[in-house]
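What follows is a single structure, written as structure tokens, with notes after it.
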Amino acid sequence: MVALNILVAYIIPLIIGVTVVSMAEGRRDLFRKGERLAIGFAIGLGIQTMYIFCLGLIGIRFTFWSCSAPVWPAIMVNIFWLKTGRISLRPGSATLLRGHRCAGKILVGIILLLISIKLLINIFISFNSPAYFDDSITIWNYKAKVFYNQRGLVKDPDHPDFFGGNVPKYPNGIPLFKSWIAICSGQWKEWTVNTISWVIYLLTGVLLYYGLRRWHSAIPALIGAYLVMSLPLFAFHGAFAHADIIVGFYLMGGVIFLYRWMLERETALILISAGFFAVAGWIKDEGLILFAGGALVPLILYLILNKGSWKRGVLLPLTIMLFILPWLITEVIFQFPIAVATGEYFKLEFHPEAIMIIKRFFFNTGNYNIFWLLYIISLFIAFKNGRKNKIAYLVGINILTLATALGSFIFTPLFKWLAPGTTINRAMLMVIPAMIFTMMRVWGILLEEE
Amino acid sequence: MVMMNIFRNIVVALALLLFTIPGLVHAGDNEYPVWDFKYPGDLQGWTVDGIRDSGIDDGAFVLIGEKRVQLRFPPGLAINSEKDNYLRLRLRIYSPRLIQVFWATQRSEKQLPAIPFYPHRDQHLHTYWIDLSESLEWIGKIDLMGLAFFGAPGRIDIDSIEIRPFSLFSYISDQWHEFWLPRTLLLGTINSLSSPYIAYIGGWSLVSLLNLLAVIVLIIAAVFYSRSSRLSRRQIVATVGMIFLCLWIVYDLRDTYSQYKIAQEIYHSYIKPPPEEKTFPALGDFYQFVSFCRENIPQGSVFDIIPKGYWPFDCRLNYFLYPGHYIKEANEAYYRNIPLYYIIYNNPQCQFDPGSARIVTMERKAITEKGKIIARYNNNSLIFKED
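As they're listed, the protein sequences go chains R and L.
Per our numbering, the very first residue in the first sequence carries number 13; after that it's consecutive.
Per our numbering, the very first residue in the second sequence carries number 15; after that it's consecutive.
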């Protein structure tokens with residue numbers, strides 16, 4: 013019964029999201045079926061939690077019926093589309109194992125096996141252990157538990173449960189989704205609310221696969237999915253209730269669809285990219301900061317160099333602002349500090365010793381396998397092919413996002429958090445999924461060229 | 015230069031392996047000093063400074079450090095420095111960051127400059143081979159030897175100590191064992207994962223070694239690429255890509271094994287045992303204590319934890335006992351005049367004083383108002399309620 017309730021908790025945002033994606037898509041078939049489901053759930057999670065947040069702001073109690081209200085019109089729309097034949101319930105065609113030679117099939121089999129083992133281990137750990145690490149205990153799960161027990165938002169600043177009790181200034185996307193799962197299952201169970209971690213872990217692989225599949229055959233796409241899902245620290249986080257890989261997933265989605273928009277100029281793509289970036293900011297403040305630091309400049313450059321795309325280009329920041337508006341207003345009204353770090357960290361100071369520490373983390377610890385070396389090699393290849401397929405924009409976004417993340421450790425007093433390694437590697441989890449997409453795209457293009 | 019060193023190490027290691035295979039007899043004839051601390055009598059002659067307690071536990075010499083711990087081997091060692099020039103240590107460290115080996119020769123008669131090394135602190139027993147002949151002072155007959163532990167004092171478990179000649183077989187066997195040591199699930203593991211070490215080729219971690227291999231592959235491929243026709247370039251790119259993927263998979267397999275061992279550890283300590291025996295990595299019996307608190311503190315009560323800021327348990331009790339509230343500076347005013355529950359968990363520093371009916375520190379300083387013990391979990395864990 014609990015399993016069924018959890019399924020409902022996931023299907024409702026999925027329906028909401030898929031409907032919104034289909035609306036944006038119109039009659040153009042921009043996505044494969046599996047891809048549409050992955051995007052739909054990701055966007056739906058954002059829409060539904062922001063909707064629940066708005067309910068809380070106006071003082072409506074969180075119940076299954078109040079929180080699930082947006083799904084009913086979405087279901088009606090889908091029934092109408094089914095009748096008119098705009099959508100169908102036929103499953104998409106599975107192309108993963110088709111059309112390869114024997115060696116290809118073996119490779120696909122090995123990769124699928126490796127991914128499955130990792131996923132199963134993560135599901136096992138997630139199902140069988142309570143929230144374990146500090147941030148889950150003090151932020152993500154704590155706030156969710158407060159929202160669930162209060163069945164709403166406490167807006168009295170003197171109340172201990174004010175905006176979730178602990179760190180009220182943190183965005184509430186994940187805590188609200190966890191409390192939504194608890195509402196659906198009718199009880200607070202650790203294993204149910206923590207399912208989101210491994211679901212997003214899996215979806216990162218799925219989205220990356222489909223993202224690459226647009227241009228490449230199944231094998232490189234699957235290798236890309238495998239690389240992200242087997243990045244050691246990323247895989248480890250997939251078992252525990254932290255939010256860094258969730259931000260990484262959303263930023264990656266934002267980058268993939270922004271890049272696709274640059275190539276295909278379909279309005280739906282930039283709207284979906286905006287949706288991903290916006291939800292990243294609704295999960296953690298870093299989501300918006302990394303978007304602003306990484307994607308804005310390449311976007312502006314693209315708009316300058318490609319006249320006539322301004323109208324659609326500005327849809328990106330506009331949609332993000334529109335989505336995040338209720339939270340921004342809340343931050344202003346309740347005077348939450350908008351920045352991630354406090355004022356004492358807003359100082360420019362150069363820490364050259366940071367470079368060696370970062371090098372040690374990147375190349376000598378077990379967090380990243382050999383990712384950084386492979387990415388550097390890909391950069392050299394990208395220099396050769398940068399102008400083709402607009403790879404330069406993709407690399408530009410990656411480098412600027414990385415510079416934003418690393419810069420804060422090298423050029424501000426945040427350096428003091430670098431040496432103990434408490435945040436740097438987790439910050440990289442937000443950046444790396446999009447970099448793996450770029451890396452695989454670069455290698456794919458090189459192979460096609462040669 | 016670094017690459018040359020690595021190659022040299024590999025070649026030397028392989029050559030030594032070939033030469034020593036016929037004579038792979040463990041020097042366990044004990045012609046060199048060995049201590050394996052199986053029985054309390056094995057501690058005879060050892061002197062230790064800076065400890066609160068020591069003894070034999072589970073086949074290991076356990077030291078509970080209070081200040082800087084210094085351990086001296088039994089007197090009259092008379093070690094032949096030419097023959098026995100390696101210190102093989104098997105120990106588990108919880109707190110100290112640095113260990114120094116020191117000694118005195120018959121000639122010098124005073125303590126000599128030490129060889130320092132950094133131990134792993136992941137709650138596993140690790141084996142270290144310290145090449146004593148690195149020091150020019152390792153000469154003649156050695157009379158006195160010892161270990162000094164620097165950094166925060168804490169528990170040290172010494173499983174065995176040997177002063178012995180080098181044996182490639184034992185060395186490789188130890189490193190193989192080290193390579194497969196499972197990853198420890200600690201509260202900081204979420205921030206960074208360590209890579210397994212392959213110490214016998216230059217103390218490199220597996221991941222650095224794979225990075226190096228990838229660079230070598232790249233250099234070779236670049237040479238071939240620049241000299242090849244357009245047709246075979248595609249093959250070179252594909253081959254290099256596949257080699258990189260294989261290197262990635264090598265590390266991934268080892269990492270998946272680590273993740274599997276964590277799942278196994280959770281299964282054996284938390285899932286399989288009955289409720290009264292459940293423990294969790296790095297938290298011990300904390301979840302049993304949470305159940306105990308839930309049984310004894312009414313839901314929604316206000317509680318405090320002694321001492322305040324008792325990481326990692328304060329934030330966890332705050333979470334697991336919600337809707338009970340942990341009283342903090344921020345919400346103190348809100349809960350004024352509400353009777354408080356006090357939670358003490360595994361803290362011998364604060365105890366209930368029956369005379370004053372208060373919780374007091376070791377220095378008899380009262381922490382609470384008058385009240386009574388609601389329930390006791392163990393000698394050092396209880397729930398107290400103010401009147």
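We treat Cβ as the ideally placed atom computed from N, Cα and C, and that holds for glycine.
Quiz item: Should the segment 270-279 of chain L be regarded as contacting the segment 125-135 of chain R, the criterion being three or more beta carbon pairs within less than 8 Å?
Solution: Contact holds between the segment 270-279 of chain L and the segment 125-135 of chain R, because three or more Cβ pairs, one in each stretch, are under 8 Å apart.
Self-check item: Chain-ordered residues of the segment 378-396 of chain R with a beta carbon less than 7 Å from chain L
Solution: Per Cβ criterion, the list reads Gly378, Asn379, Asn381, Ile382, Leu385, Leu386 and Ile389.
Quiz prompt | Residue from Ala92(L), Lys322(L), Gly154(L) and Gly64(L) with nearest C-alpha to Pro47(L) | solution = When Ala92(L), Lys322(L), Gly154(L) and Gly64(L) are compared, the shortest CA-CA separation from Pro47(L) is found for Ala92(L).
Quiz item: From what residue to what residue does the beta strand (DSSP E) around Ala118(L) run?
Solution: Under the DSSP assignment, Ala118(L) falls in the beta strand (DSSP E) whose first and last residues are Leu112 to Thr119.
Quiz item: Who are Asn392(L)'s beta bridge partners in DSSP?
Solution: Note: Asn392(L) sits in a beta bridge opposite Ser395(L).
Quiz item: With a cut-off of 8 Å, does the C-beta of Arg390(L) fall near any C-beta of chain R?
Solution: No - not a single Cβ of chain R is within 8 Å of the one on Arg390(L).
Quiz item: Which term fits Gly97(R), buried or exposed, when burial requires 16 or more other beta carbons within 10 angstroms of its beta carbon?
Solution: An exposed status is given to Gly97(R), since fewer than 16 other beta-carbon atoms sit within 10 Å of its beta-carbon.
Self-check item: Reference Arg438(R); option with closest CA among Phe421(R), Pro425(R) and Arg453(R)
Solution: For Arg438(R), the nearest C-alpha among the options comes from Phe421(R).
Quiz prompt | Euclidean distance between Cα positions of Leu19(R) and Val211(R) | solution = Near 12 Å, if we compare the C-alpha coordinates of Val211(R) and Leu19(R).
Quiz item: List, in order along the chain, the chain L residues whose C-beta lies closer than 8 Å to that of Phe248(R)?
Solution: By Cβ distance, chain L contributes Thr203, Ile204, Leu207 and Gln273.
Quiz item: Is the Cβ-Cβ distance between Val83(L) and Pro167(L) less than 8 Å?
Solution: Contact flag set, yes.
Quiz item: Of all the alpha helix (DSSP H) runs that stay within the bounds of the segment 196-280 of chain R, which reach a length of 4 or more residues?
Solution: Runs found: 202-205, 207-225, 230-242, 244-249 and 256-276.
Quiz item: If we call anything under 8 Å between Cβ atoms a contact, is Val4(R) one with Gly46(R)?
Solution: Because chain R in this structure spans residues 13 to 462, residue 4(R) falls outside the shown range and cannot be described.
Quiz item: Can you tell me the Cα-Cα spacing of Arg248(L) and Thr293(L), whole angstroms?
Solution: Rounded to whole angstroms, Arg248(L) to Thr293(L) spans 55 Å at the Cα level.
Quiz item: Does any residue of chain L bring its CB to less than 8 Å from the CB of Arg438(R)?
Solution: Yes - at least one Cβ of chain L is within 8 Å of the one on Arg438(R).
Quiz item: What residue from Ile72(R), Leu214(R) and Gln347(R) has the CA that sits closest to Ile133(R)'s CA?
Solution: Nearest neighbour of Ile133(R) by Cα position, chosen from Ile72(R), Leu214(R) and Gln347(R), turns out to be Leu214(R).
Quiz item: Opposite Ser68(L) in the DSSP bridges: which residues?
Solution: Beta-bridge analysis with DSSP links Ser68(L) to Leu77(L).
Quiz prompt | Backbone secondary structure at Ile27(R) - three-state DSSP | solution = Here Ile27(R) sits in helix by DSSP.
Quiz item: Tyr314(R) and Met274(R) look like a contact to me (Cβ under 8 Å); what is the Cβ gap, rounded to whole Å?
Solution: Contact annotation, Tyr314(R) with Met274(R): C-beta distance approximately 6 Å; criterion of less than 8 Å satisfied.
Exercise. Alpha carbon to alpha carbon, how far is Trp227(R) from Leu108(R)? Give it in angstroms, no decimals.
Key: Here the C-alpha atom of Leu108(R) lies approximately 14 Å from the C-alpha atom of Trp227(R).
Quiz item: Under 8 Å between C-beta atoms, does Ile64(R) make it to chain L?
Solution: No, Ile64(R) lies away from the interface with chain L (no Cβ there is under 8 Å from its Cβ).
Exercise. Check whether the segment 349-356 of chain L touches the segment 315-328 of chain L, taking contact to mean three or more Cβ pairs, one atom from each stretch, closer than 8 Å.
Key: Yes, they touch.
Quiz item: Counting only beta-carbon atoms, is Ser240(L) nearer than 8 Å to chain R?
Solution: False, the Cβ-Cβ gap to chain R never drops below 8 Å.
Practice problem: Would you verify that the beta carbon of Trp455(R) is, or is not, closer than 8 Å to some beta carbon of chain L? | Solution: Proximity of Trp455(R) to chain L, defined by a Cβ-Cβ separation below 8 Å, is satisfied.
Practice problem: Just the C-alpha distance for Asn99(L) and Ile153(L), rounded to the nearest angstrom, thanks. | Solution: Roughly 9 Å separates the two Cα atoms.
Self-check item: Members of the segment 245-258 of chain L near chain R, C-beta cut-off 7 Å
Solution: Residues passing the 7 Å Cβ filter: Arg247, Arg248, Val251, Ala252, Gly255 and Phe258.
Quiz item: So which residues of chain L does Ala143(R) contact, with C-beta pairs closer than 8 Å?
Solution: Per Cβ cutoff of 8 Å: Tyr333.
Quiz item: If you draw a straight line from the alpha carbon of Pro196(L) to that of Trp93(R), how long is it in whole angstroms?
Solution: If I take the Cα positions, the gap works out to 53 Å.
Practice problem: Name, in chain order, the residues that DSSP records as bridge partners for Thr61(L). | Solution: Beta-bridge annotation (DSSP): Thr61(L) is paired with Arg86(L).
Quiz item: Do Ser209(L) and Leu199(L) have their CB atoms nearer than 8 Å?
Solution: Not in contact: Ser209(L) and Leu199(L) (Cβ atoms no closer than 8 Å).
Exercise. Look up Leu200(L) in the DSSP assignment and say whether it is helix, strand or coil.
Key: Looking at Leu200(L) - three-state DSSP - the assignment turns out to be coil, as it is neither helix nor strand.
Quiz item: So, are the CB atoms of Ser209(R) and Ile280(L) less than 8 Å apart?
Solution: Judged by their CB atoms, Ser209(R) and Ile280(L) are not nearer to each other than the 8 Å cut-off.
Quiz item: Nearest to Pro183(R) by alpha carbon, out of Pro349(R), Ile389(R) and Ile403(R)?
Solution: Nearest option by C-alpha distance: Pro349(R).
Quiz item: Checking contacts by CB at 8 Å: is Phe136(R) closer than that to chain L?
Solution: It does: the Cβ of Phe136(R) has a partner Cβ on chain L nearer than 8 Å.
Self-check item: When Arg44(R), Ile59(R) and Ala50(R) are compared against Pro338(R), the one with the closest alpha-carbon
Solution: Nearest to Pro338(R) by C-alpha distance, out of Arg44(R), Ile59(R) and Ala50(R), is Ile59(R).
Self-check item: C-beta contact flag for Asp171(L) and Leu85(L) at 8 Å
Solution: Cβ distance not < 8 Å, so Asp171(L) and Leu85(L) don't count as in contact.
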